[in-house]
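Anchor point for the sequence shown: position 221 equals 221 in this note's numbering, and the numbering is continuous, going up by one each time.
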Amino acid sequence: MTIQWFPGHMAKARRQVTEKLKLIDIVYELVDARIPQSSRNPMIDEIISNKPRLVLLNKVDKADPRVTEQWLSYYREKGIRAIAIDAQAGKGMKQIVSASNELLKEKFDRMKAKGIVKPRAIRAMIVGIPNVGKSTLINRLASKKIAKTGDRPGITQAQQWIKVGKELELLDTPGILWPKFEDPIVGYKLATTGAIKDTIINLQDIAVYALRFLTEHYPEALKARYGLENIPEEIVDLFDAIGTKRGCLMPGGLIDYDKTAELILRELRTDKIGTFTFDFPQEFNEKVSE
Ligand SMILES: Nc1nc2c(ncn2[C@@H]2O[C@H](COP(=O)(O)OP(=O)(O)O)[C@@H](O)[C@H]2O)c(=O)[nH]1
Ligand SMILES: [Mg+2]
Numbered sequence: 001m002t003i004q005w006f007p008g009h010m011a012k013a014r015r016q017v018t019e020k021l022k023l024i025d026i027v028y029e030l031v032d033a034r035i036p037q038s039s040r041n042p043m044i045d046e047i048i049s050n051k052p053r054l055v056l057l058n059k060v061d062k063a064d065p066r067v068t069e070q071w072l073s074y075y076r077e078k079g080i081r082a083i084a085i086d087a088q089a090g091k092g093m094k095q096i097v098s099a100s101n102e103l104l105k106e107k108f109d110r111m112k113a114k115g116i117v118k119p120r121a122i123r124a125m126i127v128g129i130p131n132v133g134k135s136t137l138i139n140r141l142a143s144k145k146i147a148k149t150g151d152r153p154g155i156t157q158a159q160q161w162i163k164v165g166k167e168l169e170l171l172d173t174p175g176i177l178w179p180k181f182e183d184p185i186v187g188y189k190l191a192t193t194g195a196i197k198d199t200i201i202n203l204q205d206i207a208v209y210a211l212r213f214l215t216e217h218y219p220e221a222l223k224a225r226y227g228l229e230n231i232p233e234e235i236v237d238l239f240d241a242i243g244t245k246r247g248c249l250m251p252g253g254l255i256d257y258d259k260t261a262e263l264i265l266r267e268l269r270t271d272k273i274g275t276f277t278f279d280f281p282q283e284f285n286e287k288v289s290e
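This is the structure we're talking about:
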């Protein structure tokens, strides 16, 4: 597998996020609820340092609800505030505002007590890897009634803020971070969920990963979708079974593996097979004691 990894891009993205940290009170770390760990930038903790953070598990409509609950407990145990949202349908938006208020209550109370600043709206920035839903969330939070505000004194660079009710202001440009996948499995998970382009990793390899994963974790859904009584042990036999059922054939009747891989991934990404989560908190749990 060829790994595409651009240190230059990462450094630039990191610089841009770091600059904007000065302007905000809280970071919204947007991740994909299907791969909460694989879709986060591993340097994020270091980048945002001690800024308050709210983790938003987006596209929860596409994830396995049981595992989403496990992830929410995982974050709770670690003392990290996390919310499952569906930015496309606008689910969880009110919780974002209330959780932000809670997370910043102490800071704002302290500011008020010192009389330094007038109570103001909370300022937030969304960060996340490409395709995780940053633009969708910004549009969702910025409903039509909400106007953009202009420059603010003390800020040299023109910065647009989107007002979300009276309590929240959102930077109109999100911080873009890059996924890091030295571990090929992380790359496969990103590709399976459509977070990275299919051209980066061989299509058949992605489908092999996806089929193995479904065979292990969601065999019933796989059997039901493709009318299989049993799942063949050999991956090539599984490809053959699905390719035959769906008529993914080359002239002469041989199975067209590229076509079969494409079909499987298309159906998986559009939730035709079911809604799945590919990262399990147990895998990342070593540090949480029993
Ligand atoms: N099903 C579902 N799709 C979503 C959700 N949020 C975003 N999307 C879709 O994910 C894709 C990428 O979203 P976009 O906002 O462009 O991601 P960005 O690159 O982070 O700005 C788009 O096709 C969105 O419609 C969600 O909560 N549920
Ligand atoms: Mg975008």
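C-beta atoms are modelled at their ideal positions from N, C-alpha and C, and glycine is treated no differently.
Beta-carbon within less than 8 Å of residue i's beta-carbon, same chain only, minus the 5 sequence neighbours each way: which residues are those?
i: residue 212; result: 235
i: residue 24; result: 51, 123, 124, 125, 171
i: residue 12; result: none
i: residue 46; result: none
DSSP has residue i in a bridge; who is on the other side?
i: residue 97; result: DSSP, once it has assigned bridges, lists no residue as partnering residue 97.
i: residue 29; result: 55, 127
i: residue 81; result: 54
i: residue 249; result: 255
i: residue 91; result: 86
i: residue 176; result: 128
i: residue 122; result: 168
Please go through the same chain and pick out, in chain order, the residues whose beta-carbon is closer than 6 Å to the beta-carbon of residue i, but skip the five residues on each side of it.
i: residue 226; result: 242, 245
i: residue 145; result: Note that residue 145 scores 45 on pLDDT, short of 50, meaning its location in the model is unreliable; the coordinates nonetheless yield the value given after this. Result list for residue 145: empty, nothing under 6 Å.
i: residue 222; result: 214
i: residue 269; result: 194
i: residue 88; result: 136
i: residue 140; result: 87, 90
I'd like to check one pair, residue j with residue i: are the Cβ atoms closer than 8 Å?
i: residue 219; j: residue 70; result: no
i: residue 97; j: residue 167; result: yes
i: residue 279; j: residue 95; result: no
i: residue 32; j: residue 195; result: yes
i: residue 265; j: residue 207; result: yes
i: residue 129; j: residue 39; result: yes
i: residue 92; j: residue 83; result: yes
i: residue 189; j: residue 35; result: yes
i: residue 54; j: residue 15; result: no
i: residue 180; j: residue 41; result: yes
i: residue 191; j: residue 162; result: no
i: residue 201; j: residue 187; result: yes
If you drop the 5 nearest sequence neighbours on each side, which residues of the same chain put their C-beta closer than 7 Å to that of residue i?
i: residue 150; result: The pLDDT assigned to residue 150 is 47, lower than 50, so where the model puts this residue is not dependable; a value taken from the coordinates is nonetheless given after this. Nothing listed; no residue qualifies.
i: residue 240; result: 255
i: residue 10; result: 178
i: residue 258; result: 203, 204
i: residue 48; result: 21, 27
i: residue 292; result: Because the chain spans 1 through 290 in this model, residue 292 falls outside it and cannot be assessed.
i: residue 64; result: 275, 276, 277
How about residue i: is its Cβ closer than 7 Å to a heavy atom in ligand 3?
i: residue 59; result: This structure simply doesn't include ligand 3; it includes ligand 1 and ligand 2 instead.
* Among all residues, which have a Cβ less than 6 Å from at least one non-hydrogen atom of ligand 1, and in what chain order do they fall? -> 58, 59, 61, 62, 86, 87, 88, 128, 130, 131, 132, 133, 134, 135, 136
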